[in-house]
Amino acid sequence: GIGHGVAIPHALLGTISSPVASLTRLAQPIDFEGPDDDPVDLIYTVLWPRSATSAFLPALSQICRLFRASQVRERIRQARSSDEALAILETEPLPEFPPICILPASGLAL
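For reference, each letter of the sequence shown is one residue, going 5 to 114 in our numbering.
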């Protein structure tokens, strides 16, 4: 994790041609071995095409900066629907991604 209850697992894949991202808000936080030992309840997963590695680190850095902002984290945690969470992400400066998939966790409809 990156701290503050956020994890950003990521991978470079040779089998995709454009970036893919998903956001999961967990009903029950899990241990993700973050720098602050806080349990993680927000997981933003990034899959990036190996053919576009030059843009990967700048994009990942931008995503980390986004989730370091306490107001963004709290707004996502308070979102009552996947549309509301997606709207929060869409108002923030993110790399050029295709639509973000909001995944439900433990029956939570986010």
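Just so you know, even glycine gets a beta-carbon here, dropped at the ideal spot from N, CA and C.
In this text, all values refer to a predicted model and were calculated from it rather than measured experimentally.
V50 is positioned such that its CB atom lies closer than 7 Å to that of A25. Ranked by Cα distance from T19, the first of R81, S85, V76, S55 is S55.
If you draw a straight line from the Cα of L46 to the Cα of A11, it is about 6 Å long.
With respect to the C-alpha of L61, the residue from H8, G9, G7, P23 having the closest C-alpha is P23. For the options A91, A73, T95, the alpha carbon positioned closest to that of G9 is the one of A73. By the neighbour-count criterion, in which a residue is buried when 16 or more other Cβ atoms sit within 10 angstroms of its Cβ, T57 is exposed.
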